[in-house]
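Trainee: All the letters of the sequence shown, read from the start, carry residue numbers 9 to 297 under the numbering used here. The beta-carbon is built from N, C-alpha and C at its ideal position, and this holds for glycine as well.
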Amino acid sequence: MGASSVLNVTFYGVRGSTPCSSDANRRYGGNTSCVVIESPEQDPIVLDLGTGLRFFGMTVPCDQPFRGTALVSHLHWDHVQGVPFFTPMLCEGAQLNVYGPRQEDCTLTEAVKAFIQPPYFPVGIEELAGEFNFFEVENDVFQVGDATVTAAPIPHRGPTVGYRIESQGVVIVYISDHQQPGPEATEVSAEVRALCADADLLIHDAQYDPEEYLLRSDWGHCTSDYAVEVAGQSGVKRLALFHHDPSHDDDRVDELLMQARQHKAGSALQEILAASEGLTLSFEADPLR
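What follows is the structure, given as C-alpha cells:
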C-alpha cells in the first residue's frame, strides 16, 4: 500500500462580480475568484485569476522561479483582474500555463492581451518578466502534472467552462458561474452531472437567493438552492458555496448557507460550507484509492 499525502484546496478570493471590502464582509472576504490546489511535488493549479490572486502571490517563495497552471473559467473581469498584480510573474524564469475557453471573435491570447495593455494598464502583459502560455479548451481532457483535467462548457454569459480535476484519488470540480435554467428549476443537465459525478468537493456558484434571481434571471448565475441540486444529483460529497454576491454581508452569506443546508435534506450530500478567504480544505490523497 502506497503512503498517502495531503492535497490542499485554499480559497484566496470567493466573491463574484466585483471586489468589495468592508467590516460587514470581513469574515468571508471581498476578493474575487481565485482558488489554489496544492499537493507535494506538484506545481500549483490555480482556479481563476481574480483579485485573490495577488494574495496567493504573497505566499509564493521568491527564492526560485514560479511554475504553475491556471484554469480560467471565463474572461469576465472578476476572474482575471489579478493577472498583472501576481508578483511572481514579475521575476525572470517564472512560467504560468493558462487554460481558458475558446473565444468567439479572437484567440484566448489576444483577448487577455487586449485588457492588459495601455490605457487599461500601464504596461502590456508581454512586458512582464515571466512567461505566459495560453491554451484554449472547450470539451477537452488534458494532463497537468499528475492531475487529469476535464473541461466542459457551462451555461453563462459568454464562453465559459467548468473544470474537473482528478489528482491522486481526489476529485475537485470548479463551476464558478452557472446559469440556472429557471426560477423553480431543479433539473441539472447530463453534461454538468457528468462533470461533477462523485466529486469529493464541488466549488459552485451560489450568488443569489430566489428573490434576487427573479430580478436577474438572465445574468448567468444561480441560487444557493440550485447549487445544492447540482451537488445532490451528481453524488458530490462536499459542496462549497462560492461567487458570493458583493452586496451580501457576512450575515447574509450565513443565512444562505443555512437555507442551503435545509434544502439538502434527503440528499446524500455530506457537507455544505460557504467558501471564505483563507479557508483551506485538506484531502487525503492516495493514488491507489
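Tell me whether Pro73 sits in a helix, a strand or coil according to DSSP, three-state version.
Mentor: Start at 1 with the first residue of the sequence shown, and residue 73 comes out as number 65. Reduced to three states, the DSSP call for Pro73 is coil.
Trainee: For a minimum of 4 consecutive residues, which ranges assigned as the alpha helix (DSSP H) are wholly contained in the stretch 176-239?
Mentor: Entirely contained in the stretch 176-239, the alpha helix (DSSP H) runs reaching 4 residues are, in chain order, 198-204 and 218-223.
Trainee: From the DSSP output, read off the bridge partner residues of Ala155.
Mentor: Your numbering for residue 155 matches position 147 in the sequence shown. Paired residue(s): Val152.
Trainee: Under 8 Å by Cβ, that's how I've got Gly251 and Asp185 pegged, so tell me the actual separation to the nearest angstrom.
Mentor: Translated into positions along the sequence shown, residue 251 becomes position 243. Translated into positions along the sequence shown, residue 185 becomes position 177. Note that residue 251 is His in the sequence shown, not Gly. Yes, they are in contact, since the Cβ atoms of His251 and Asp185 sit about 6 Å apart, within 8 Å.
Trainee: Do Ile211 and Val43 count as a contact pair if the criterion is CB distance below 8 Å?
Mentor: On the sequence shown, position 35 is the one that residue 43 refers to. On the sequence shown, position 203 is the one that residue 211 refers to. For Val43 and Ile211, yes; Cβs fall inside 8 Å.
Trainee: Does the CB of Leu83 have a neighbour CB from chain B at under 8 Å?
Mentor: Reference to chain B is not applicable here, since this structure consists of a single protein chain.
Trainee: Taking 8 Å as the cut-off, decide whether the C-beta atoms of Val238 and Ile280 are in contact.
Mentor: Taking the first residue of the sequence shown as 1, we reach residue 238 at position 230. Taking the first residue of the sequence shown as 1, we reach residue 280 at position 272. Result no, Cβ atoms of Val238 and Ile280 do not sit closer than 8 Å.
Trainee: For the structure I just gave you, are there three or more beta carbon pairs, one from the stretch 123-135 and one from the stretch 60-80, closer than 8 Å?
Mentor: Short answer: they don't touch.
Trainee: Decide if Ser25 is buried, meaning its Cβ has at least 16 other Cβ atoms within 10 Å, or exposed.
Mentor: Your numbering for residue 25 matches position 17 in the sequence shown. Buried, by the Cβ-count rule.
Trainee: Using the rule of at least 16 other Cβ atoms within 10 Å of the residue's Cβ for burial, across every protein chain shown, is Met9 buried or exposed?
Mentor: Against the sequence shown, residue 9 aligns to sequence position 1. Here the model assigns Met9 a pLDDT of 41, short of 50, so the residue's position is not dependable and the matter cannot be decided.
Trainee: Nearest to Gln103 by CA position, among Gly170, Asn141, Tyr20 and Gly190, is which residue?
Mentor: Counted from its first residue, the sequence shown places residue 103 at position 95. The candidate whose alpha carbon is nearest that of Gln103 is Asn141.
Trainee: Grouping DSSP H, G and I as helix and E and B as strand, with all else coil, what is Met9?
Mentor: For the purposes of this step, residue 9 is taken as the residue at position 1 of the sequence shown. Confidence at Met9 is low in this model, with a pLDDT of 41, below 50, so its placement is unreliable and no value can be given for it.
Trainee: CA-CA distance, Asp56 and Asp86?
Mentor: By 1-based counting over the sequence shown, the position of residue 56 is 48. By 1-based counting over the sequence shown, the position of residue 86 is 78. C-alpha separation (whole angstroms): 9 Å.
Trainee: Between Val131 and Val120, what straight-line distance do the alpha-carbon atoms span, to the nearest angstrom?
Mentor: As a working mapping, residue 131 is identified with position 123 in the sequence shown. As a working mapping, residue 120 is identified with position 112 in the sequence shown. Whole-angstrom Cα-Cα distance: 13 Å.
Trainee: Do you know how far the Cα of Pro254 is from the Cα of Glu139?
Mentor: As a first step, residue 139 must be located in the sequence shown, where it is residue number 131. As a first step, residue 254 must be located in the sequence shown, where it is residue number 246. Each residue's alpha carbon lies about 32 Å from the other.
Trainee: How would you call Tyr128, buried or exposed, if buried means at least 16 neighbouring beta carbons within 10 angstroms?
Mentor: Residue 128 sits at position 120 when you count from the first residue of the sequence shown. When all chains shown are included, Tyr128 counts as exposed.
Trainee: May I have the straight-line CA-CA distance separating Asp226 from Ser13, to the nearest angstrom?
Mentor: Taking the sequence shown and counting its residues from 1, one reaches residue 226 at position 218. Taking the sequence shown and counting its residues from 1, one reaches residue 13 at position 5. Taking the straight line joining both Cα atoms gives about 43 Å.
Trainee: Measure the Cβ-Cβ separation of Leu203 and Arg246 and say whether it is below 8 Å.
Mentor: Against the sequence shown, residue 203 aligns to sequence position 195. Against the sequence shown, residue 246 aligns to sequence position 238. In this structure, Arg246 does not lie closer than 8 Å to Leu203 by Cβ.
Trainee: Note down the Cα distance separating Val244 from Val200, rounded to an integer number of angstroms.
Mentor: For this step, residue 244 is matched to residue 236 along the sequence shown. For this step, residue 200 is matched to residue 192 along the sequence shown. Taking the straight line from one Cα to the other gives about 12 Å.
Trainee: Please report the straight-line C-alpha distance between Val106 and Thr156, rounded to a whole angstrom.
Mentor: Within the sequence shown, residue 106 is the residue found at index 98, counting from 1. Within the sequence shown, residue 156 is the residue found at index 148, counting from 1. Going from the Cα of Val106 to the Cα of Thr156 covers about 15 Å.
Trainee: Looking only at its own chain, which residues have a Cβ that is under 6 Å from the Cβ of Thr158, when we skip the five neighbours before and after it?
Mentor: Indexing the sequence shown from 1 puts residue 158 at position 150. Closer than 6 Å at Cβ, skipping near neighbours: Val149 and Arg172.
Trainee: If you reduce the DSSP assignment to three classes, tell me which class Phe250 lands in.
Mentor: Translated into positions along the sequence shown, residue 250 becomes position 242. Correct three-state label for Phe250: strand.
Trainee: Between Glu174 and His82, what straight-line distance do the alpha-carbon atoms span, to the nearest angstrom?
Mentor: Residue 174 sits at position 166 when you count from the first residue of the sequence shown. Residue 82 sits at position 74 when you count from the first residue of the sequence shown. Approximately 21 Å between the Cα atoms of the pair.
Trainee: Grab me the residues of Cys28's own chain with a C-beta within less than 7 Å of its C-beta, minus the 5 sequence neighbours each way, in chain order.
Mentor: Position 20 of the sequence shown, counting from 1, holds the residue named residue 28. Contacts found: Gly38 and Pro254.
Trainee: Within 10 angstroms of the Cβ of Ser273, are there 16 or more other Cβ atoms? Answer buried if so, exposed if not.
Mentor: Along the sequence shown, read from residue 1 onward, the residue named residue 273 stands at position 265. Here residue 273 is Ala; the residue named in the question, Ser, does not match the sequence. Looking at its Cβ environment, which holds fewer than 16 other Cβ atoms inside 10 Å, Ala273 is exposed.
Trainee: Compute the Euclidean distance between the alpha carbons of Val261 and Tyr221, then round it to the nearest angstrom.
Mentor: Here the question's residue 261 lines up with position 253 in the sequence shown. Here the question's residue 221 lines up with position 213 in the sequence shown. One C-alpha to the other measures close to 15 Å.
Trainee: Compute the distance between the beta-carbons of Asp51 and Gly177, then report whether it is under 8 Å.
Mentor: Position 43 of the sequence shown, counted from the first residue, corresponds to residue 51. Position 169 of the sequence shown, counted from the first residue, corresponds to residue 177. Going by C-beta atoms, Asp51 is not nearer than 8 Å to Gly177.
Trainee: On the DSSP bridge list, what partners appear for Gln50?
Mentor: Position 42 of the sequence shown, counted from the start, is the residue given in the question as residue 50. Gln50 is not bridged to any residue.
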